[in-house]
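Below is one structure, written out as structure tokens, with a few remarks after it.
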Amino acid sequence: MTENLIEIKNLKKHFKTPNGTVHAVDGISFDIKRGETVGIVGESGCGKTTTGRAAIRLIEPTAGQVFFEGKDIFSMGRRALNKARKDMQIIFQDPFSSLNPRMTVFDTIALPLKYHQIISGSKKVDIERRVIELMETVGLAERLINTYPHELDGGRRQRIGIARALAVEPKFIVCDEPVSALDVSIQAQILNLLKKLQKDRGLTFIFITHDLAVVKHFSDTIIVMYLGLEVEKAPANELFANPMHPYTKALLSAILVPKVGANKDRVALRGELSMPIDPPDECRFAPRCNYYNPAKCDKGRPPLIEVSPNHFVACHCIGPGGRNDLVLQ
Amino acid sequence: MENVGANGATRDSDLHDAETVLDVKDLVVHYVLEDETVEAVNGISFSLKKGQTLGLVGETGAGKTSTALAILNLVQMPPGVIKSGTINVCGAEVLKMTPKQLEKMRGKDVSMIFQDPMTALNPVMTVGEQIAESIKYHEGLSAKESMIKAEEMLELVGIPGIRSTEYPHQFSGGMKQRVVIAIALACNPQVLLADEPTSALDVTIQAQVLDMMRELKDKLGTALIMITHDLGVVAKVCDSVAVMYAGKIVEHGTLEDVFNTPMHPYTEGLFNSLPNIEDSAAELMPIPGLMPDPTKLPPGCAFEPRCRYAVEACKEPCEVRSISGTHKLLCTRYNEPEFRIDMERGEAQ
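Sequence lines, in order, name chains A and B.
Residue 188 in my numbering is what sits at position 188 of the first sequence, and the numbering runs on without skipping anything.
Residue 1052 in my numbering is what sits at position 52 of the second sequence, and the numbering runs on without skipping anything.
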């Protein structure tokens, strides 16, 4: 099965603020094959969450299209969209604020079942049986069925969020930093659970994170975003083995490996992230780039080019066939 | 053990020499609530020499922050109680200090960097005033002299001195954390407690701030306690490590001891929970279960319910064992001379 489940075309989302227009996402295009995972990495404010939310139309984009099984979800009417939503779910970052504190575990997981009328007749016993099944799938003990979120720890709450997303048997799940609020030992439990669910059910994921080790562990393809733009896109192993964009290089070298003496040589970046407010038509990474060369780089926004099969880079200094004119300045 | 560092080999023997700036012994911190007692810190001991960096590692609720607050005698009482123990800072006993002496010690001998730079700064004071405040108090300089010193501190952490008249909201997250570090270092403290100083920052900014902290520490000779849950941060900045679990140090040694030859099952579990950047196909091996409820700690090893090596004997209280001059361990299983964990990763490269 190589058919694309999701096709995102030139997606843009701009927010108007008193200081100008923030170009949170500024023309992103990618496809996701059935059963695969696309990882989106980047630092705060790069537009990764906005991209994830627009992919299931939780926010309306400024421009662009998202095709789910060939249908444009942005041109759907309310009823058609509600129907499509059954196949598209999201797991949120913060298991503390994404659950309704006044709903028990049962209420939370049963709500999508009732709304989408997954269980014919919607008899209480049937729903309860299904909720218990789902709790089992995500590793929640049945005795917790009538507890409220505040009685549970972060790991368990995140499991409720996952069970809620799985309830409608979706084909596609956006995982927005699903483990970043959790302790490492719990993080590994949740990552293993998501991986197993993907294998068992053929789920398709967008996996959004700032943790590069996690994204490598999880993704088939990785997209690196910087201030609303894709700067590099490649299969996970290729990206880590052969990073080309200066920003990707800096990100990879900023990973702190838990090994003695492993963190000596690093590419340090100067400056900090800015906000893409009314950005001029140029390379947005240039102000922080160690390789910035006015003669080459001041030529408008660099296009995303395929430099080797399936490996795309947006940098004026890198071209087809791996042409690499990067010179440390 | 062959890989004991030269600086670590003599650590225990000359614990009380002039170089020791912090010595914590048998510290117990509890929070006494109406109907239960949270046993946050349960008898930990460690010491720190001038210029040394200790990583205090553990997950939420391990007692890391309570330990740091106790060193400054800042545990909120009630409900907090420092039940027993001694904390010696540069030869003076913190728990016996009068409020006046404490004020003199905090910020001067020991200072602290808090986790969240967004809330650690006063929004209605300029950053210059906030740095100058402690200089004026501790060094007895005039307002004008303190401001000049404050600007120097800003330059030291990589912020132009002219920005001293700006307010915190005019700075980005990474810049704010630099300001917090400038405040902490303003009076050249002997000991710096850094509580997750970079966890709220983006990766590239985290790298900048860690590089800067290490440089400043080397330059000023400050001893540093780095509280973190990130083993990568520890590998980068620390020279010794104490792994905490449920209020106890379960493994303590030089960076090489703990990272190259981890011995405690919990340390093993922490390493195996991390995705391996060099081998993404490797399956994660999480620690099953959850941290024990700190109000109902078992009498024996607190890790026993989650430990894959646990035996009956682990339900009994256990003693600290010295593996080498630097490497200490809290695990009953090592009573058996043959016992080893079967760590798959973590060997030296």
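Positions of the beta carbon are idealized from the N, C-alpha and C atoms, including for glycine.
Span separating the alpha-carbon of B:Ile1087 from that of B:Ile1071: 6 Å
Straight-line Cα distance separating B:Glu1338 from B:Ser1013: In this prediction, B:Ser1013 scores a pLDDT of 39, lower than 50, which makes its location untrustworthy; the coordinate-derived value is nonetheless stated afterwards. Rounded to the nearest angstrom, the two C-alpha atoms are 28 Å apart.
Cβ-based neighbour list, A:Thr21, same chain, cut-off 8 Å, excluding 5 preceding and 5 following: His14, Phe15, Ile277 and Asp278
Contacts that B:Val1203 makes with chain A (C-beta to C-beta distance below 8 Å): Glu43, His210, Leu212, Leu251, Ala254 and Ile255
Meets three-Cβ-pair contact criterion under 8 Å: the region 1220-1228 of chain B and the region 1271-1280 of chain B: No contact exists between the region 1220-1228 of chain B and the region 1271-1280 of chain B.
Residues of its chain near A:Ser219, where Cβ-Cβ distance is below 7 Å and the 5 sequence neighbours each way are ignored: Thr37, Val38, Gly39, Phe207 and Ala236
Chain A contacts made by the region 1230-1254 of chain B, where a contact means CB separation under 8 Å: Answer in chain order: Asp1230, Leu1231, Gly1232, Val1233, Val1234, Ala1235 and Lys1236.
Distance, A:Phe285 Cα to B:Leu1201 Cα: 19 Å
Limits of the unbroken alpha helix (DSSP H) element including A:Asn192: DSSP places A:Asn192 inside the alpha helix (DSSP H), whose first and last residues are Val184 to Arg201.
Where the beta strand (DSSP E) containing A:Val25 begins and where it ends: Gly20 to Lys33
Cβ distance (whole Å) where A:Gly27 is taken to contact A:Met275 below 8 Å: Actually they are not in contact, since the Cβ atoms of A:Gly27 and A:Met275 sit about 17 Å apart, beyond 8 Å.
Chain A contact residues for B:Thr1060, given Cβ-Cβ distances below 7 Å: Asp183
Burial state of B:Gln1206 (16 or more Cβ within 10 Å): buried
Pick from A:Pro170, A:Thr108 and A:Phe74 that is closest to A:Gly157, judged by C-alpha positions: Strictly speaking, residue 157 of chain A in this sequence is Arg, with Gly absent from that position. The residue with the shortest Cα to Cα distance from A:Arg157 is A:Thr108.
Supposed close pair B:Cys1187, B:Lys1108 - CB separation, criterion 8 Å: 5 Å
8 Å Cβ cutoff met for A:Ala24 and A:Asp94: A:Ala24 places its beta carbon 8 Å or farther from that of A:Asp94.
Contact set between B:Ile1287 and chain A, taken where Cβ atoms lie within less than 7 Å: Ser185
Straight-line Cα distance separating B:Lys1064 from B:Ala1246: Using only the alpha carbons, I get a separation of about 10 Å.
Residue burial classification, B:Gln1177 (beta-carbon count within 10 angstroms, cutoff 16): Buried, by the Cβ-count rule.
Proximal residues to B:Ala1310 (C-beta, below 7 Å), its chain only, five neighbours per side dropped: Glu1304
Continuous alpha helix (DSSP H) stretch holding B:Arg1266: start and end: The displayed chain sequence assigns Tyr, not Arg, to residue 1266 of chain B. Run containing B:Tyr1266: Pro1265 to Ser1273, per the alpha helix (DSSP H) assignment.
Where A:Tyr226 sits in the DSSP three-state scheme: The answer is strand: DSSP assigns A:Tyr226 an E or B state.
Length of the line joining the Cα atoms of B:Gly1253 and B:Val1094: 25 Å
9 Å Cβ cut-off: residues of chain A touching B:Gln1206: Ala254 and Leu256
CA-to-CA distance, A:Pro61 to A:Arg159, given in whole angstroms: 30 Å
Residues of its chain near B:Asn1122, where Cβ-Cβ distance is below 8 Å and the 5 sequence neighbours each way are ignored: Gln1130 and Pro1168
Same chain, Cβ closer than 7 Å to A:Pro130, neighbours up to 5 away in sequence not counted: A quick correction: the sequence has Arg, not Pro, at residue 130 of chain A. Taken in chain order, the residues that qualify are Leu113 and Ile119.
Collapsed DSSP secondary structure at B:Asp1218 in the structure displayed: helix
Cβ neighbour criterion (16 or more within 10 Å) applied to B:Gln1190: buried
Beta-carbon gap between A:Ile305 and A:Pro320 smaller than 8 Å: yes
Where B:Asp1230 falls, given that 16 or more other Cβ within 10 Å makes a residue buried: buried
Presumed contact (8 Å Cβ cut-off) between A:Val214 and A:Val179, rounded CB distance: 7 Å
6 Å CB neighbourhood of B:Thr1010 in its chain, flanking five on each side removed: For B:Thr1010, the predicted structure reports a pLDDT of 39, less than 50, and the residue's modelled location is therefore unreliable. A value from the coordinates is still provided. Once the five neighbours on either side are set aside, B:Thr1010 has no close Cβ partner at all.
Residue closest to A:Pro258, alpha-carbon to alpha-carbon, out of B:Val1233, B:Met1244 and B:Ala1282: B:Val1233
Length of the line joining the Cα atoms of A:Asp31 and A:Asn10: 11 Å
Helix, strand or coil at B:Asn1042 according to DSSP, with G and I counted as helix: strand
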